[in-house]
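*Asks:* Got a structure here, written out as structure tokens. Questions coming.
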Amino acid sequence: MALMNSMKVTSFAHFRKQLKTVWAQQQGAARPCSMATCTHRNRNTALHPLWQSELSVPGGTRQSPINIQWRDSVYDPHLKPLKTHYDPSTCLYIWNNGYSFLVEFEDSTDKSVIMGGPLENHYRLKQFHFHWGAINEWGSEHTVDSRFYPAELHLVHWNSVKHASFEEAIMEDNGLVVIGVFLKLGAHHAGLQKLVDALPAVKHKNTLVEFEVFDPSCLLPSCPDYWTYAGSLTTPPLTESVTWIIKKTPIEVDQDQLEEFRMLLFTSAEEEEKRMVDNFRPLQPLMNRTVRSSFQNHHLLNIETRPSAHTHQSSP
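Be aware that the sequence shown starts at 1172, since it is given in the numbering used here, and climbs by one per residue.
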């Protein structure tokens, strides 16, 4: 009962109310051509019903996600390495909330925290979740030089030094820190597989299962480099309370693992099935913000990480 009560008071209760008013028939996505303009057009056509009508924060100037322009990011030599200390025993359960699946953590103590990087305080891990596309040409919320990835991981943390609860922190400046990690097609990810194996149990909306002893640090790339900027939640209430830390290097997952994400459903067991795909928010304007980097900008010399002149999407 305590577990279910915890689920009910989570901040995503606001989000679920929004969803009830905007559900519509999910449209299938046509496979796009390889040009960047086609990818953008088809990705926008595939928008989740939540984002097909105007939904924004009045006067908001720090909305997320954004397109990170590599050459325009500013190297900040004062940015420290990000430190993560996650206790696998604090993992509690997996929950299909009707938009993504959340892996929730016990956050009443400082057992699972991050520190360093651009942060003045330590932040407790609350949950992590993913965003992904119906096909591999898109799915990530953030982009780098207009390049999409098939999926993006978000690890959500809150400032327990300044705030009494996660629900309070989401409404305040610097209340949250979200680590973003891109997923690209490649080798099988052994650490992710335990999570993938549990997904069929939460296929339908509002299903929840226990998920114990999982270390999310296995989902972080070994490369310490990152971008950081001031932004917002990418689901309602869209509050501008987030310090984003976007890892430069993606992790690799294989096609079968991504397909298990796409087998989940937006709908409950008694409803007509709608596949859980394209659950990302459209890109938002940068406005007058600066994206800082923890690494020096060698973009023009780095051929391997630079997108092709002819294609801007990830490929296997």
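Cβ coordinates follow ideal geometry from the N, Cα and C atoms, glycine included.
Here the structure is a predicted model, which means the values were calculated and not measured.
Measure the C-alpha to C-alpha separation of E1411 and F1301 and round it to an integer number of angstroms.
*Replies:* For E1411 and F1301, the distance between alpha carbons rounds to 20 Å.
*Asks:* Nearest by alpha-carbon distance to L1258: which of G1288, T1280, V1349 is it?
*Replies:* The sequence shown places Asp at residue 1258, not Leu. Here the closest residue by C-alpha is T1280.
*Asks:* Counting along the chain, where does the alpha helix (DSSP H) carrying K1365 start and finish?
*Replies:* 1361-1369 is the extent of the alpha helix (DSSP H) around K1365.
*Asks:* Which residues in the same chain have their Cβ closer than 8 Å to the Cβ of N1468, if we skip the five residues on either side of it in sequence?
*Replies:* W1241, R1242, S1244, Y1246
*Asks:* Do you know how far the Cα of P1252 is from the Cα of P1395?
*Replies:* 7 Å
*Asks:* Would DSSP call Q1298 helix, strand or coil?
*Replies:* Reduced to three states, the DSSP call for Q1298 is strand.
*Asks:* Please list, in chain order, all residues of the same chain as D1526 whose beta carbon is under 6 Å from its beta carbon, the five residues on each side excluded.
*Replies:* Outside the modelled stretch of the chain, which goes from 1172 to 1487, sits residue 1526, for which no answer is possible.
*Asks:* Do the stretch 1276-1296 and the stretch 1446-1459 make contact, defined as three or more Cβ pairs closer than 8 Å?
*Replies:* no
*Asks:* F1319 lies in the beta strand (DSSP E); which residues open and close that run?
*Replies:* It is not in any beta strand (DSSP E) - F1319 carries neither H nor E in the DSSP assignment.
*Asks:* Please confirm if the stretch 1308-1315 is in contact with the stretch 1263-1270, defined as three or more CB-CB distances below 8 Å between the two stretches.
*Replies:* Counting C-beta pairs closer than 8 Å gives fewer than three between the stretch 1308-1315 and the stretch 1263-1270, which falls short of the contact rule.
*Asks:* Sorted by chain position, which residues of the same chain lie with C-beta nearer than 6 Å to H1256's C-beta, five sequence neighbours on each side aside?
*Replies:* V1284
*Asks:* According to DSSP, what are the bridge partners of F1276?
*Replies:* C1262, per the DSSP bridge assignment.
*Asks:* Touching or not, the stretch 1362-1371 and the stretch 1230-1240, by the rule of three or more beta carbon pairs under 8 Å?
*Replies:* no
*Asks:* According to DSSP, is H1431 part of a helix, a strand, or is it coil?
*Replies:* The amino acid occupying residue 1431 in the given sequence is Glu; His does not appear at that position. The three-state secondary structure of E1431, taken from DSSP, is helix.
*Asks:* Is the Cβ-Cβ distance between G1357 and I1417 less than 8 Å?
*Replies:* no
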